[in-house]
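Everything below concerns the one structure shown next.
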Amino acid sequence: MSGKNPPFRVAIVGRPNVGKSTLFNRLVGRRLAIVHDMPGVTRDRREAAGGISDMDFMVIDTAGLEDAFDATVEGRMRRQTETAIGDAHVVLFLIDARAGVTPLDSFFADHLRKVKTPVLLCANKCEGKAGAPGLYESYALGLGDPVPISAEHGEGLDGLYEALLPFARRHGGLAEPEPESESTWGGADEPEDGDVLVEQERAEEARPLNLAVVGRPNVGKSTLVNRLLGEDRLLTGPEAGLTRDAITVEWSYKGRVIRLVDTAGLRRRANISDSVEKLSTANTIEALRMAHVVVLVLDANAVLDKQDLTIARLVLEEGRALVIAVNKWDAAENRAEAMQRLQDRLETSLPQVRGVPTVTLSALQGRGLDALMDAVLNIYGVWNKRVSTNRLNRWLEEMTERHPPPAVTGGRRIRLRYMTQVRTRPPSFAVFTQRADELPDSYVRYLVNGLRDSFDLPGVPIRFGLRKRKNPYADED
Numbered sequence: 059m060s061g062k063n064p065p066f067r068v069a070i071v072g073r074p075n076v077g078k079s080t081l082f083n084r085l086v087g088r089r090l091a092i093v094h095d096m097p098g099v100t101r102d103r104r105e106a107a108g109g110i111s112d113m114d115f116m117v118i119d120t121a122g123l124e125d126a127f128d129a130t131v132e133g134r135m136r137r138q139t140e141t142a143i144g145d146a147h148v149v150l151f152l153i154d155a156r157a158g159v160t161p162l163d164s165f166f167a168d169h170l171r172k173v174k175t176p177v178l179l180c181a182n183k184c185e186g187k188a189g190a191p192g193l194y195e196s197y198a199l200g201l202g203d204p205v206p207i208s209a210e211h212g213e214g215l216d217g218l219y220e221a222l223l224p225f226a227r228r229h230g231g232l233a234e235p236e237p238e239s240e241s242t243w244g245g246a247d248e249p250e251d252g253d254v255l256v257e258q259e260r261a262e263e264a265r266p267l268n269l270a271v272v273g274r275p276n277v278g279k280s281t282l283v284n285r286l287l288g289e290d291r292l293l294t295g296p297e298a299g300l301t302r303d304a305i306t307v308e309w310s311y312k313g314r315v316i317r318l319v320d321t322a323g324l325r326r327r328a329n330i331s332d333s334v335e336k337l338s339t340a341n342t343i344e345a346l347r348m349a350h351v352v353v354l355v356l357d358a359n360a361v362l363d364k365q366d367l368t369i370a371r372l373v374l375e376e377g378r379a380l381v382i383a384v385n386k387w388d389a390a391e392n393r394a395e396a397m398q399r400l401q402d403r404l405e406t407s408l409p410q411v412r413g414v415p416t417v418t419l420s421a422l423q424g425r426g427l428d429a430l431m432d433a434v435l436n437i438y439g440v441w442n443k444r445v446s447t448n449r450l451n452r453w454l455e456e457m458t459e460r461h462p463p464p465a466v467t468g469g470r471r472i473r474l475r476y477m478t479q480v481r482t483r484p485p486s487f488a489v490f491t492q493r494a495d496e497l498p499d500s501y502v503r504y505l506v507n508g509l510r511d512s513f514d515l516p517g518v519p520i521r522f523g524l525r526k527r528k529n530p531y532a533d534e535d
C-alpha cells in the first residue's frame, strides 16, 4: 500500500455485529477498530488507508445500520452511516453467512438498492461449510452475486479484489509503478550536505502533526473536534461515553496538515468494569502515546479534578506536549475562581512542568478555537526545539559558577564536564560527570528549571540524564 490517502473510497456497512470492524482491520492491516462480540460497539465512522495487493483505497468503517430515523443515539449513528455511503465510490454490504439472511438484512438491502453509490454484497464468516446456506440465501437480496469472505481468517480477499477492480480502475485505486530516477542510471549528482538538511526540514514540515483530544467523559471532546473540522463528523449528544473508538481525521490549519484524533472519555480505573470500556480506554491511551500534542479538555465548572490530573500526568510521562482547553467557558459559574483554581492546581500538582498553555473556549459556540490551535502549533515548536552544544556548555559553565554542585564524600565537589542535547520531542539532555549517581535531585531540578527559563522551553516535559564518563584515563575529581 502507498501509505498516502488514496482517492478511491470504500465504505463497509451492514447490520450490527456482522464483522464490519474485523474486515476494516483486515483491509488496513492493523488493529485500529475495536472488535467485540457485543453489537453496536462502533458508533462513529472511522477512515484509514488500506488495500488489497496493488489496489489502494480509503476504507470507511461504519456503525451498524439501525432502523432508526429520530434524534436517538441510533438515529444519529444511522445518519453517520448514510454520510459514509454518500462519500464512498463503492459500498461493501456485509452479512453474516452463518446467521443467514435476517429481516434486518433484507430491510437494508431494499434501502441500498435505491442509493446512487454502487453496492457489492459480501457474505462474511464463510470459512468452512457453516456459511454455505447463508451464502446461497443471500442471492435473494437482489444485489448481485455475493462475494464469500472470512474477515477474521483473511479468506476470499482475492475474490473481493476482482469485484472491486472495475471501480478501482475508474477512481484511481490501482498503484502506479514507481518511475525510474536518473540516479538509477548514475546520471544524478550527489546532494550536498546542506541540501540534505534542507530536505529533512521540508520533510518534517510536510509530516502531519498528530493531535489527540482527551479528557473525562462528556466534557465536549467530540463537539470540539466537529467545530474544528467545520462539520458534524463525529457523533455528539448529551449522553456520556458516546465515543468508543479513537477516531482519526486529517485536517489542515494555516497550511499545516494535522491528524486530529478524537478519543473515548477516560474514567477512573476503579470505575471501569465493562469490557468494551476497557478496550476503549486502551485505545485512548495508545492514541495518546502516538500523539505529538495532546489537548486535555476540561469542564469549566469542574476544573482539573483528580482524574484530570491523572490524565495530565500520563501525557507528560509519555513525553507528549500538553495544552489544556477549558471548555464550556460561556457557561462557567465563576470564571475568576475557575481560572485561579486551575493555576493553583497546576503549580501544586504539576510543578515539574511549568508554563503549560491554557486556553478558555466554547466548543458549542465555536469561540476560542483559533487561540487553541495557535497554542498547539506554538507548543509543538517548543517540543521540537534543539539547542546547540556550544550554547549548552556555555550555559552549564554559568550555572555551575553561580551555584556550584555540592561537595561529596571527601569534601571534593562534583564536576559537570560536558553537556549536549541527545534528542528532541521532548527536549532531552545529557550531562557527563564522573559521579553521576551522587548529584542530588535538588541540583538536577535547579538545572532543569534553568534550562526551561534560559532556552524558552515552557510547558513541555524535559528529559535530563546524568552519564558517567567512559574514558578510563580521565583524571578523578
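Residue numbering for the sequence shown follows the numbering used here, beginning at 59 and increasing consecutively. C-beta atoms are modelled at their ideal positions from N, C-alpha and C, and glycine is treated no differently.
Among the residues of its own chain, which have a CB less than 7 Å from the CB of lysine 364, if the five just before and after it don't count? none
Tell me whether the region 268-287 and the region 348-363 touch, counting them as touching only if at least three CB pairs, one residue from each stretch, are closer than 8 Å. yes
What do you reckon, are the CB atoms on leucine 380 and valine 417 nearer than 9 Å? Contact flag unset, no.
Can you confirm whether the region 444-462 touches the region 282-289 when touching is taken to mean that 3 or more C-beta pairs between the two stretches lie within less than 8 Å? no
Should valine 440 go down as buried or exposed, given a rule of 16 or more other Cβ atoms within 10 Å for buried? buried
Looking only at its own chain, which residues have a Cβ that is under 6 Å from the Cβ of arginine 378, when we skip the five neighbours before and after it? Ala349 and Val352
With the cut-off set at 9 Å, would you say valine 148 and valine 68 are in Cβ contact? yes
State the DSSP-derived secondary structure class of phenylalanine 522, mapped to helix, strand or coil. strand
Is arginine 544 buried or exposed, if buried means 16 or more other CB atoms sit within 10 Å of its CB? The requested residue 544 does not occur in the structure, where the chain is confined to residues 59 to 535.
Between the CA atoms of glycine 323 and leucine 269 - distance to the nearest angstrom: Looking at the two C-alpha atoms, the distance is approximately 16 Å.
For asparagine 75, name the three-state secondary structure that DSSP assigns. coil
Using the beta-carbon count (16 or more within 10 Å), is proline 224 buried or exposed? exposed
So, helix, strand or coil for isoleucine 143, using DSSP? helix
With distances taken between CB atoms, is the gap from aspartate 203 to leucine 179 smaller than 9 Å? yes
By the 10 Å Cβ neighbour count, where 16 or more other Cβ atoms means buried, how is glutamate 220 classified, buried or exposed? exposed
Bridge partners - glutamine 492, DSSP secondary structure assignment: Partner residues in a beta bridge of glutamine 492, as assigned by DSSP, do not exist.
Find the nearest neighbour of alanine 188 within the set Gly214, Ala157, Tyr197 and Thr368, judged by alpha-carbon distance. Distances from the alpha-carbon of alanine 188 to those of Gly214, Ala157, Tyr197 and Thr368 put Ala157 closest.
Among all the DSSP beta bridges, which residues are the ones paired with aspartate 582? Because the chain spans 59 through 535 in this model, residue 582 falls outside it and cannot be assessed.
Going by DSSP, name the residue or residues bridged to arginine 481. Ser486
Can you have a look at glutamate 395 and say buried or exposed, based on whether 16 or more other CB atoms are within 10 angstroms of its CB? exposed
Comparing C-alpha positions only, which one of Leu408, Arg444 and Ala383 sits nearest to glycine 424? Of Leu408, Arg444 and Ala383, the residue nearest in Cα terms is Ala383.
Buried or exposed for proline 463, please, with buried defined as at least 16 other CB atoms from any protein chain shown within 10 angstroms of its CB. buried
Apart from the five residues just before and just after valine 76, which ones in its own chain have a Cβ nearer than 7 Å to its Cβ? Leu152, Ile153, Asp154 and Asn182
Can you name, in chain order, every residue of its own chain whose Cβ lies under 6 Å from the Cβ of aspartate 511, other than the five neighbours on each side? Same-chain partners within the cutoff: there are none.
Going straight from the alpha carbon of glutamine 492 to that of arginine 470, what length do you get? 12 Å
Contact set for aspartate 168: own chain, Cβ-Cβ below 6 Å, skip 5 residues either direction: none
Hey, is the region 424-433 in contact with the region 359-374, meaning 3+ C-beta pairs nearer than 8 Å? Short answer: they don't touch.
I need the DSSP call for glutamate 289, collapsed to helix, strand or coil. coil
Within 10 angstroms of its Cβ, does serine 79 collect 16 or more other Cβ (buried), or is it exposed? buried
Evaluate alanine 340 with the Cβ neighbour count: other Cβ atoms within 10 Å of its Cβ, from every protein chain shown; 16 or more gives buried, anything less gives exposed. exposed
In the DSSP assignment, find the beta strand (DSSP E) that holds valine 417 and state where it starts and stops. 416-418
Does the beta-carbon of aspartate 320 have 16 or more other beta-carbons within 10 angstroms, so that it is buried, or is it exposed? buried
Around the C-beta of alanine 390, are 16 or more other C-beta atoms found within 10 angstroms, so that it is buried, or is it exposed? buried
When you compare only the Cα positions, how much space is there between glutamate 105 and glycine 212? 20 Å
Taking leucine 454 as the reference, give the member of Arg103, Phe165 and Leu509 with the closest Cα. Leu509
When the Cα of threonine 482 is compared with those of Val159, Val518, Asp114 and His229, which residue comes out closest? Val518
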